[in-house]
Amino acid sequence: MKKKVAFICVHNSCRSQMAEAWAKHLGSDVLEVYSAGTEEYPEVKPKAVQVMEEVGIDMSGHYPKLLTDIPEEVDYLITMGCGVVCPYIPCEHQEDWGLEDPSGGPIEGFRKTRDIIKEKVVELIEKAKKEME
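Oh and the sequence shown: position 64 is 64 in UniProt numbering, straight run, nothing missing.
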């Protein structure tokens with residue numbers, strides 16, 4: 001059975017969306033992936049979509065979701081470093097990735113964030129595989 005992971009941020013418009021896309025792309029065999037935000041936001045940041053397209057991942061159909069749009073209980077709860085306290089979501093493991101939000105900055109910041117998220121998602125996939133053995 002796959003491990004459920006939720007990537008949580010304030011707006012679900014950049015970092016958590018990239019994490020969701022990487023996890024689905026790299027770990028769909030072991031992870032059931034969700035992302036959500038604590039506040040409503042109108043769209044996924046265009047630069048986030050652009051930098052993911054650069055590595056062959058299409059996020060054009062992604063849209064910001066709220067906590068009410070994801071399962072009430074997950075195995076892994078990953079916050080992005082939002083500086084907010086997320087509402088309690090039952091989980092086996094919770095961690096904060098402490099990522100700076102590249103929004104409003106140059107495209108290079110989005111690329112750097114994309115690459116850091118990929119590394120962290122790969123580590124999470126390896127952890128999930130070990131726990132499933």
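Beta carbons are placed, not taken as given, at the ideal position from N, Cα and C, and that holds for glycine.
Residue range 91–96 is occupied by the beta strand (DSSP E) that includes H93. The three-state reading of DSSP puts L99 in coil, since its state is none of H, G, I, E or B. The C-beta distance from V5 to D75 rounds to 7 Å, short enough to fall under 8 Å. If you ignore the 5 residues before and after P71, its C-beta comes within less than 8 Å of the C-beta of K4, A6, Y34, all in its own chain and listed in chain order.
Inter-segment contact for the region 52–70 and the region 18–25 is present: three or more beta-carbon pairs are separated by less than 8 Å.
Of the residues assessed, L66 falls on the exposed side of the cut-off, its CB having fewer than 16 other CB atoms within 10 angstroms. Secondary structure at G37: strand, using DSSP grouped into helix, strand and coil.
Burial state of D101 is buried, judged by a 10 Å Cβ sphere holding 16 or more other Cβ atoms. DSSP lists A36, T79 as the beta-bridge partner residues of I8. Taken through DSSP and simplified to helix, strand or coil, K3 comes out as strand.
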